[in-house]
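K.L.:
If you read the protein sequences in the order shown, they are chains A and S. If you count by this note's numbering, then the first sequence holds residues 171 to 516, one letter each, in order. If you count by this note's numbering, then the second sequence holds residues 171 to 516, one letter each, in order. Sending over a structure as structure tokens; questions will come in a sec.
2 protein chains.
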Amino acid sequence: MVTIKDVAKMANVSPSTVSRVIADHKHISAETKERVRKVMKELGYHPNVIARSLIKRSSQALGLVLSRSTESAFSNPFFPEILRGISTVTQSHHYSLVLAAAENYQEEAKQYLRMLMEKRVDGVIILASRVNDELIQRLAEEEYPFVVVGRAQGIKEYTSVNNDNIQAAYLAVRHLLNLGNQRIAFLNGPEEYTFCQDRFQGYCMALREYGIEVNGDYVRNAENLQEDGYRLTKELMSIEPRPHALFAADDLMAIGAYRALKEEGLSIPDDVAVIGFNDNYLAAFMEPPLTTVRIPIYEMGVVAAQLIFHILQNKEACAQQRILSSQLIVRESCGAKRKFPELAGK
Amino acid sequence: MVTIKDVAKMANVSPSTVSRVIADHKHISAETKERVRKVMKELGYHPNVIARSLIKRSSQALGLVLSRSTESAFSNPFFPEILRGISTVTQSHHYSLVLAAAENYQEEAKQYLRMLMEKRVDGVIILASRVNDELIQRLAEEEYPFVVVGRAQGIKEYTSVNNDNIQAAYLAVRHLLNLGNQRIAFLNGPEEYTFCQDRFQGYCMALREYGIEVNGDYVRNAENLQEDGYRLTKELMSIEPRPHALFAADDLMAIGAYRALKEEGLSIPDDVAVIGFNDNYLAAFMEPPLTTVRIPIYEMGVVAAQLIFHILQNKEACAQQRILSSQLIVRESCGAKRKFPELAGK
DNA sequence: TGTAATTATGCAAACGTTAGCATAATATTT
DNA sequence: AAATATTATGCTAACGTTTGCATAATTACA
């Protein structure tokens, strides 16, 4: 392996000088810099990050764990997309990203802690937060650098990035209300996630604003997106009086719902309006194209990474919550474009 | 930070002894081991992987890069799934996984090389291989440890894991032929990937076996899965004589195809039989449920990781190609279950 | 009882960097 | 010309481990 010493020898300087050339230190003469750089190129030298990490007492890496349970609660391209956002930022900081996979929450927590304890990573990004999230609590107590994607709860100080779940759900439901739907069913995700709580809150807000009381029968929680989307829609459609519209907290649930509605001979949007969430890549291809909410996943990744670097740079950084706006994508599953053609371009 | 020295001091032994306790060295007395372990627990000591890596001259990590171009060529849950397979193996070896994201092939190659050159990782897993893959060529030349998921080309020695693309495509097309379809169109992915070449080869094999000549008009290459699936199906259906069946090299293309066929008023499978590839989580939910090929993604991840550890352990490991079998999932888009009800359980 | 083998532990060097201090050479000020 | 500031470089210790060699203590063997 070619080390800094080899370069030093060949360039007739000390290793320190080479190190300073790498860092582009100002007290190194232009000619030395040039000479050393030439030698580095010649020998194909690349600094060993491990050695650098050791002396800098920083692994120059961020940690991430992909949990099956979390992933299945999101519409599918979530993970690669947020990863990409995170990655662009880590790259520009010359950091790397350490990844682990876990089957469940217990394992997920263990992996996060291990990474941090073994100093494999300088900080972590938590990809979802639960209602009583022990991991987040623990990280906060032990003062590990972390940022959460989502909203944490029962924690005094933490930094996070999130989309505006309450507002987004509110706008989606209001969209349905504006189109004349009164009885709106809500297919929510697993209650344990804070983002599901938030979407439910937005749903309630909109209904109340229109003077409609929330009817518990119209609200269901799914564990498995597609299958439960199908099954719970069947259940909802057998309620008397039948809902006019359906708000699904994920497009995959809406796919299941579509199927159930078609089987029941109900037309979308004429008999039942449907609105989804997450703007899955299939939403535009559904029949009819699904109106849904697009959340800025990539951007959330970018911000999450920026926030953690902020924390790493000034230890006493003020905790902050960043909320990114979602966008209602009006397509044809609610009938809005027929009633209000001006929405078509939106 | 609590180091090995702190533990040593508190346990009244030398750091070497602590190190040996960690490694469960045999020449350490049982009582010392116990005492040291107790102190480690008390102090909350965890070995610093970075320091260990430095002296072991091994980063204890594997590298992976997620490229947008590659990802969009696969049906969606490919990446998380293979990652999970890889991760289980790396974990059992106490290795970590370093990840980067790239927008295109150039960047992807750069990232892989950088990881290796900076000694951030001991080896890499390449997630797809192209027809004239310069990265793979380079890795082979420079003798970096790597394994490719897929089939490489123009390389003398390399280790890989792949699914049986030729055989799988062959069986899929034969399935269509057995059901009486003669004119079979093929919606393939981008030609630059070797797996697309292979699927095409399987397609040809099946046709020839049935004495049918390959008709270039019936074969198309898509860049973008869904949109091209739709567009190219429209094109294919306007050919005279119209194909009896459609083999799509990815389920997402089949989704686009379904849409095109429905718009043309063609019924599946009565007018046109359709078969997909990859068993996307939506395939079973399509209308009619899509017959498709399931490839063992998770298992490929496991094997890929095992292979790279094999290489890392005995440098002169024999290059090997591992092929994993796919499985034809017969559903209702080819009409097989009506004609041959015994297939229904398969 | 003396020698050899085994068991248990410590010392010190090494892994490839970085950075504070020291020093030498040059430039700037008085 | 002397004093000072600036620029360019080297020496050395440090980061937290592991490990070969040395040594001491114990056990086994003859």
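Here a beta-carbon is modelled for each residue, glycine too, at the ideal position from N, C-alpha and C.
Given N182(A), which residues of its chain have a CB within under 6 Å of its CB, disregarding the five upstream and five downstream residues?
P.N.:
Nothing listed; no residue qualifies.
K.L.:
With DSSP as the reference, label T329(A) as helix, strand or coil.
P.N.:
In this structure, T329(A) counts as strand in the three-state DSSP scheme.
K.L.:
Of all Cβ atoms in chain A, is any one closer than 8 Å to the Cβ of V219(S)?
P.N.:
At least one chain A Cβ lies under 8 Å of V219(S).
K.L.:
Where does S330(A) land, buried or exposed, given buried means 16+ other C-beta within 10 angstroms?
P.N.:
It is buried - the Cβ of S330(A) has at least 16 other Cβ atoms within 10 Å.
K.L.:
Looking at L431(A) and L395(A), is the spacing between their C-beta atoms short of 8 Å?
P.N.:
Not in contact: L395(A) and L431(A) (Cβ atoms no closer than 8 Å).
K.L.:
Keeping to the same chain, check which residues put their C-beta closer than 7 Å to that of L341(A); ignore five residues upstream and five downstream.
P.N.:
The residues are L498.
K.L.:
With a cut-off of 8 Å, do at least 3 Cβ pairs link the stretch 292–309 of chain A to the stretch 443–458 of chain A?
P.N.:
No: the two stretches stay apart, fewer than three of their Cβ pairs being nearer than 8 Å.
K.L.:
From what residue to what residue does the beta strand (DSSP E) around S266(A) run?
P.N.:
Per DSSP, S266(A) belongs to the beta strand (DSSP E) from 266–272.
K.L.:
Does the contact criterion of 3 or more C-beta pairs under 8 Å hold for the stretch 333–353 of chain S versus the stretch 411–418 of chain S?
P.N.:
Segments in contact, yes.
K.L.:
Is the CB of S266(S) under 8 Å away from at least one CB in chain A?
P.N.:
At least one chain A Cβ lies under 8 Å of S266(S).
K.L.:
Using 10 angstroms around the beta-carbon of G255(S), count the other beta-carbons present and answer buried if the total reaches 16, otherwise exposed.
P.N.:
Classification of G255(S): buried, given that the 10 Å Cβ count is 16 or more.
K.L.:
By the criterion of Cβ-Cβ separation under 9 Å, what are the contact partners of A270(S) in chain A?
P.N.:
In chain order: S257, T260, Q261, S266, L267.
K.L.:
Touching or not, the stretch 247–262 of chain S and the stretch 466–486 of chain S, by the rule of three or more beta carbon pairs under 8 Å?
P.N.:
As far as the Cβ criterion goes, the stretch 247–262 of chain S touches the stretch 466–486 of chain S, which means the pair count is three or higher.
K.L.:
Could you tell me which chain A residues have their CB closer than 7 Å to the CB of S223(S), listed as they occur along the chain?
P.N.:
Residues of chain A passing the Cβ test: I220.
K.L.:
If you compare alpha carbons, which of H480(S), V259(S), R284(S), M180(S) is closest to A272(A)?
P.N.:
Of H480(S), V259(S), R284(S), M180(S), the residue nearest in Cα terms is V259(S).
K.L.:
Could you tell me which of S237(A), L402(A), H264(A) sits nearest to E434(A), measuring between CA atoms?
P.N.:
Nearest C-alpha to E434(A): L402(A).
K.L.:
Taking only beta-carbon atoms, is S229(A) less than 8 Å away from chain S?
P.N.:
Yes, S229(A) counts as interfacial toward chain S.
K.L.:
Could you tell me if A378(A) is buried or exposed, where buried requires 16 or more neighbouring beta carbons within 10 angstroms of its beta carbon?
P.N.:
First, the residue type needs correcting, since residue 378(A) is Arg and not Ala in the sequence shown. Flag for R378(A) reads exposed.
K.L.:
Does DSSP put N358(S) in a helix, a strand or coil?
P.N.:
Three-state DSSP puts N358(S) in a strand.
K.L.:
Could you name the residues of chain S that L519(A) contacts, counting a contact when the two beta carbons are closer than 7 Å?
P.N.:
The structure shown does not extend to residue 519(A), since chain A is modelled only from 171 through 516, so no value can be given for it.
K.L.:
Can you tell which of D398(A), E393(A), H345(A) has the C-alpha that lies nearest to the C-alpha of E502(A)?
P.N.:
Here the closest residue by C-alpha is H345(A).
K.L.:
With burial defined as no fewer than 16 other Cβ atoms inside 10 Å of the residue's Cβ, what is the status of N358(S): buried or exposed?
P.N.:
It counts as buried.
K.L.:
Tell me the rounded alpha-carbon separation between T173(A) and V268(S).
P.N.:
Rounded to whole angstroms, T173(A) to V268(S) spans 23 Å at the Cα level.
K.L.:
Pull up the DSSP beta-bridge partners for S237(A), would you.
P.N.:
S237(A) is bridged to A272(A).
K.L.:
Pull up the distance between the alpha-carbon of G381(A) and that of V442(A), whole angstroms please.
P.N.:
For G381(A) and V442(A), the distance between alpha carbons rounds to 21 Å.
K.L.:
For V219(S) and K280(A), I'd like the C-alpha separation in whole angstroms.
P.N.:
Rounded to whole angstroms, V219(S) to K280(A) spans 16 Å at the Cα level.
K.L.:
Which residues in the same chain as R464(A) place their Cβ atom closer than 7 Å to its Cβ, once the five residues preceding and following it in sequence are excluded?
P.N.:
So the list reads D449, S496, Q497, I499, once near-sequence residues are dropped.
K.L.:
Could one say the Cβ of F455(S) lies closer than 8 Å to chain A's Cβ atoms, at least one of them?
P.N.:
For F455(S), the answer is yes, since a Cβ of chain A falls inside 8 Å of its Cβ.
K.L.:
Would you mind reading off the limits of the alpha helix (DSSP H) that contains A524(A)?
P.N.:
Look at the range of chain A in this structure, 171 to 516, and you will see that residue 524(A) is not part of it.
K.L.:
Going straight from the alpha carbon of P185(S) to that of L213(S), what length do you get?
P.N.:
Roughly 15 Å between the two C-alpha positions.
K.L.:
What are the start and end residues of the alpha helix (DSSP H) that includes L422(S)?
P.N.:
Where L422(S) is concerned, the enclosing alpha helix (DSSP H) stretches over 421–433.
K.L.:
Identify which residue in Y363(S), R290(S), Y314(S) has its Cα closest to the Cα of A270(S).
P.N.:
Nearest option by C-alpha distance: R290(S).
K.L.:
Quick one: does R290(A) have its CB under 8 Å from some CB of chain S?
P.N.:
Yes, R290(A) lies at the interface with chain S (some Cβ there is under 8 Å from its Cβ).
K.L.:
Starting from the C-beta of Q323(S), find all residues in its chain whose C-beta is less than 8 Å away, skip the five residues before and the five after it, and write them out in chain order.
P.N.:
Closer than 8 Å at Cβ, skipping near neighbours: S299, V301, N302, D303, T364.
K.L.:
Going by beta-carbon coordinates alone, are L305(A) and Y328(A) separated by less than 8 Å?
P.N.:
Against a cut-off of 8 Å, the Cβ pair of Y328(A) and L305(A) comes out as no contact.
K.L.:
Excluding five sequence neighbours on each side, which residues of the same chain lie with their C-beta closer than 6 Å to the C-beta of G426(S)?
P.N.:
The answer, listed in chain order, is Q396, G399, Y400.
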